[in-house]
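Right, one structure below, let's go through it.
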Amino acid sequence: MWINDIIQKNKKIYALSPMADMTDSAFCQIVRQIGGADIVFREMVSSEAIVRDNEKTLGMTDFVEAERPIVQQIFGANPTTMARAAAKVMEHANPEGIDINMGCPVYKITSNFNGCALMKDADLAAKIVKEVKAAIGNTPLSVKIRLGWSDPDTFKTFIPVVEQAGAQLITIHGRTKAQGYSGKSDWARIAEAKNIATVPLLANGDIHEPHQVKEVLDQTNADGVLIARGALGNPWFFYLAKSFPEDSHAIQKITPNERVRIIMAHAQKHVEQYGERGIVTFRKHLSWYVKSQKIGAIIPGIKEWRGKLVRITSIAELETLLEEFLIMIKQ
Ligand SMILES: Cc1cc2nc3c(=O)[nH]c(=O)nc-3n(C[C@H](O)[C@H](O)[C@H](O)COP(=O)(O)O)c2cc1C
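Okay, so the sequence shown: first residue is 52 according to our numbering, each after it adds one.
What follows is the structure, encoded as structure tokens:
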């Protein structure tokens, strides 16, 4: 299985974290094309919608071969439904892994006892893990958690329970649900989680720059990292983290021409996936691609240009604006 394959080679796992509306097929293809990521986690899908044969939801698990290996994340609170959904996803897309979302803090999710709410009921979480594992056979099962719901030490008792139930990899975001995205991911507690876990454990949270991968791995001794916001607007993240592990200015290795080439390739794949209207939903990626922190430079006059960029309605308009970008950055 992919987890052991990497770990047996004495390597750390560099993974793209699941992000709703972001880690879709188009984005995962771009991350793969650039290289460096060992595995990509696709955005969460609802187990309830999957078992109802909702076409749009099942379509969210479609992928192209170039994205492999992938892990598909599912969410839900009913063990039988989760098991049936996992089996359906396996039949439909045959991913290299299934991941259970036990970390999402969003009210729409937790109000149905999905996501991080499961950390309040370890018995139910264990039942879900057991049934999903039974439904997917040899396919690796992972669980994505936070430190806890409100108590930052819940993971200490929660990890052994989900491991015992059959989880083969744990990824942990170093915040509680109560924290949402405030404060900082607690890497010291992630180190404690690594000591407790008997299965491989991936660290997550606030690894925003490629050189921080080495930092978090040194501090936590984790088996790898899961990168979310750091990879938005920076699909080069994994390549840079592996090639220039200690360079805090690694992003500057990406030339403006290369940035433009990848933005265009990503836009085209996005439009292939969602149709012509897709250019409107692509704006969310554009706003990440052109943040100063992602470019690694402050460009005079870029604010007004950014305003135009996030209003584009066609690929042709995007092309023209990117030509302007190349002129601006060389000035
Ligand atoms: C836009 C967005 C969507 C997300 N969607 C998911 C999701 O579908 N499943 C999940 O487990 N976590 C989701 N997350 C949480 C991230 O995977 C990650 O745990 C969190 O952002 C912390 O990591 P970071 O500091 O690297 O961003 C999402 C985060 C963002 C910013």
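Note that the Cβ used here is the ideal one computed from N, Cα and C, for glycine as well. Predicted model only: the values in this text are computed from it and were never measured.
Opposing strand residues paired with residue i [DSSP bridges]
{"i": "A254", "result": "I223, V276"}
{"i": "Q124", "result": "D150"}
{"i": "F92", "result": "V122"}
{"i": "S201", "result": "Looking at the DSSP assignment, S201 forms no beta bridge with any residue, so it has no partner."}
{"i": "S97", "result": "F126"}
{"i": "Y65", "result": "V276"}
Burial state of residue i, where buried means 16 or more other Cβ atoms lie within 10 Å
{"i": "D408", "result": "Since the first residue shown for the chain is 52 and the last is 382, residue 408 is missing from the structure and cannot be characterised."}
{"i": "E323", "result": "exposed"}
{"i": "H300", "result": "exposed"}
{"i": "K345", "result": "buried"}
{"i": "G275", "result": "buried"}
{"i": "M52", "result": "exposed"}
{"i": "T249", "result": "exposed"}
{"i": "I64", "result": "buried"}
{"i": "K62", "result": "exposed"}
When the options are compared against residue i, the one with the closest alpha-carbon
{"i": "L220", "options": "Q124, V331, A301, F333", "result": "Q124"}
{"i": "A279", "options": "A88, W53, V361", "result": "A88"}
{"i": "G231", "options": "G148, Q59, F92, C155", "result": "C155"}
{"i": "C79", "options": "K381, A348, H336", "result": "H336"}
{"i": "K359", "options": "I349, Q382, G347, V331", "result": "V331"}
{"i": "G110", "options": "A117, P120, R93, T208", "result": "R93"}
{"i": "D104", "options": "T132, R310, D172, V194", "result": "T132"}
{"i": "E384", "options": "V194, D202, G199", "result": "Outside the displayed range of the chain (52 to 382) lies residue 384, so it cannot be described from this structure."}
{"i": "E375", "options": "P307, N152, M153, M95", "result": "P307"}
{"i": "F126", "options": "V183, H317, I302", "result": "V183"}
{"i": "G166", "options": "H317, S98, V264", "result": "S98"}
{"i": "L175", "options": "A128, R334, T227", "result": "A128"}
Chain-order list of residues whose beta-carbon lies under 6 Å from that of residue i (same chain, five-residue window excluded)
{"i": "L277", "result": "A66, S68, T222, L253, N255"}
{"i": "N285", "result": "K345"}
{"i": "I54", "result": "P191, L220, P251"}
{"i": "A282", "result": "L67, F288"}
{"i": "I196", "result": "M153, G154, I223"}
{"i": "K320", "result": "A77, Q80"}
Beta-carbon proximity list for residue i, same chain, < 8 Å, skipping 5 on both sides
{"i": "V267", "result": "W238, I241, A254, I258, A273, V276"}
{"i": "E370", "result": "M315"}
{"i": "V383", "result": "With the chain running from 52 to 382 in the structure shown, residue 383 is simply not present."}
{"i": "V102", "result": "T132, R135, A136, K139"}
Close-in-space but distant-in-sequence residues of the same chain around residue i (CB under 7 Å, 5 per side omitted)
{"i": "Y290", "result": "I85, G86, G87"}
{"i": "M70", "result": "E94, A279"}
{"i": "A137", "result": "I125, I149, V183, A186, I187"}
{"i": "K41", "result": "Residue numbering for the chain in the displayed model covers 52 to 382; residue 41 lies beyond these limits and cannot be assessed."}
Short CB-CB distance (under 7 Å) between residue i and chain D
{"i": "R240", "result": "Looking for chain D here will not work: only one protein chain is present."}
Contiguous alpha helix (DSSP H) assignments of at least 4 residues, all confined to the region 155–199: 158–161, 173–187
Where in the region 265–329 do unbroken runs of the alpha helix (DSSP H), each at least 4 residues long, occur, reported from the N-terminal end onward? 288–294, 307–325
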